[in-house]
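Numbering (this note's numbering), first residue to last: 173 to 643. Built from N, CA and C at the ideal position, the CB exists for glycine as well. Note that the structure is a prediction, hence the values are computed from the model and not measured. Scroll down for the structure; my scribbles are underneath it.
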Amino acid sequence: MTKKILPVIMAGGSGTRLWPLSRTQYPKQFLKLSPDGYTLLQSTLLRLKNLDCADPILICNEEHRFLAAEQMREIGIQAKIILEPEGKNTAPAITLAAFYQTQLNSPDTILLVLAADHVITQQENFEHSIQQAIQLAEQNKLVTFGIVPTHAETGYGYIEKGAIELTGFKVQRFVEKPNVTTAQEYLDSEKFLWNSGMFMFKADVYLNELKKYAQDIYTSCQTAIQDTKSDLDFIRIDKDAFSQCRSESIDYAVMEQTHDAVVVPLDANWNDVGSWSALWDIQSKDSQGNVLHGDVITVNSQNNYIHGESRLVSLLGVDNLVVIETKDAVLVADKNKVQDIKKIVETLKQQDRTEHYCHREVYRPWGKYDSIDHADRYQVKRITVKPGQKLSIQMHHHRSEHWIVVSGTAKIHKGKESFLLTENQSTYIPLGEIHALENPGKVPLELIEVQSGSYLGEDDIVRFEDIYGRC
């Protein structure tokens, strides 16, 4: 039997509002911030388990592809992963998924478009709203989900409800983020809902409306998706064609233009996790109102959000703070000022620093590495290779490397020879030597790598062969 709903998960964001935990290479949708202990992406996918859904389509950035694939593998979900060469906002992302499904001769498939970084804790209410939306989508309506507001929020756009239409309401109008007075008026009127950024419609209905109101986006995405290439679990589109597409949200491109927009209320304890204060709102607290993660001690301190990653964090006599400790950065902020974290990120960019871009610990498809020490002409990394995985066959123009095995077994390819190393054994890779590293064992391989040379950047890698398609 044909599945009724095709989830389209938008996981392309690289937000900075949860810095220093969220970075460009490791944004919030891949972090374990959900109350259920999963990452936000995983929770979004698991939320669909009781619905009649096909395997989802995931839209994500090129640089996040292995993170997305690994996190879906961890929860046993398979998906088509469409890679965006660059972020173009929600309208082009959704358009790629709609065209892809149309190419599979299923133009009337109902798409359920969700963001990968929302929290919803009332599952039954969520499923009920989805069922209501299906009835409207089957009548060729373009459905958006409006969150039933709980307070006069100034950080969200609003949707005004019009006349009742089947199981929802006709969209009277979309309004931008209001000031405090207007937000209170909206709340008191009970006519307004928060704009959630979640949608449901048939693929062909959406494309027809897009062609009517934003034909340039329609044409650019149609051209980009016509010439796709499969690479492992990933679908690559035409980069040049997609680069011609303008960046636009689905709200501006279609939903505010169409005459067939309807809204279904959603009252399911929704949160877009847009700040540290929003995370404090949804997570369990101690008797003093503190949210604690990691090795944390608090004395006479209330209503704080504390996240410790690599060392003891202690608070004494403070209230209403956000304290985030990672291996390479510490944030201390007033909980009421966390919307200004983007100013810190901008400063990091202006100073050509890297703390906004990546963590000290970096994940790769084969495992991870942690840069534990460095100076002008040397760098020390702790490398972890997952069982059965292999790094690319490569060489370096500017550095040599020493490898010391800490635990597990390493299979070394150096020049024309191959050999095994076990705990406390080491080898030397001269500058210019073609080499590779793999873990042939059943347990993780841990080793220390000491690099030395005139240039130690990650771009000093010439790949000759790679099982992850990175050559």
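Euclidean distance between Cα positions of Val510 and Thr188 | 11 Å
Whole-angstrom Cβ separation of Phe341 and Val426, contact assumed at under 8 Å?
-> About 18 Å separates the Cβ atoms of Phe341 and Val426, ruling out a contact at the 8 Å cut-off.
Between the Cα of His203 and the Cα atoms of Leu212, Thr196, Gln197, which residue gives the shortest distance?
-> A small fix is needed here, since residue 203 is Leu in this sequence, not His. Answer by Cα proximity: Leu212.
Where do the N-terminal and C-terminal ends of the beta strand (DSSP E) with Leu464 fall, by residue?
-> 463–465
In chain order, what residues of the same chain lie with their CB nearer than 7 Å to the CB of Tyr550, ignoring the 5 residues before and after it?
-> Val622, Gln623, Ser624
Rounded separation between Ala663 and Val377 - CA only = Outside the shown range of the chain (173 to 643) lies residue 663, about which nothing can therefore be said.
Trp575 by DSSP, collapsed to three states: which one?
-> Note: Trp575 maps to strand in three-state DSSP.
Does the distance from the CB of Leu338 to the CB of Thr430 come in under 8 Å?
-> no
If we call anything under 8 Å between Cβ atoms a contact, is Gly489 one with Asn462?
-> No, Cβ-Cβ distance for Gly489 and Asn462 is not below 8 Å.
Just to confirm, are Ala263 and Ile397 a CB contact at a threshold of 8 Å?
-> Against a cut-off of 8 Å, the Cβ pair of Ile397 and Ala263 comes out as no contact.
Quick one: what's got a C-beta closer than 7 Å to Met173's C-beta in the same chain, skipping five residues either side?
-> A caution first: Met173 carries a pLDDT of 32, below 50, which makes its placement in the model too unreliable to give a value.
In the DSSP assignment, find the unbroken beta strand (DSSP E) run with His570 in it and report its ends.
-> For His570, there is no enclosing beta strand (DSSP E), as DSSP gives it neither H nor E.
Just the C-alpha distance for Arg525 and His531, rounded to the nearest angstrom, thanks.
-> 12 Å
Neighbourhood of Tyr600 by C-beta, 6 Å cutoff - its chain only, sequence neighbours within 5 removed | His574
So what's Asp376 in DSSP terms, helix, strand or just coil?
-> Helix, per DSSP.
Residue ranges of each beta strand (DSSP E) run of no fewer than 3 residues wholly in the region 289–325, ordered along the chain?
-> 314–319
Start and end residues, alpha helix (DSSP H) containing Ser598 = No alpha helix (DSSP H) holds Ser598; the beta strand (DSSP E) holding it covers 598–601.
Beta carbon of Ile620, beta carbon of His568: below 8 Å?
-> no
What span of residues does the alpha helix (DSSP H) with Thr391 cover, start to end?
-> 387–398
Taking the alpha carbon of Asn646 as the point to measure from, which residue in Leu464, Glu595, Glu481 has its own alpha carbon closest?
-> With the chain represented from 173 up to 643, any question about residue 646 goes unanswered, as that position is not in the structure.
Using the beta-carbon count (16 or more within 10 Å), is Met182 buried or exposed?
-> buried
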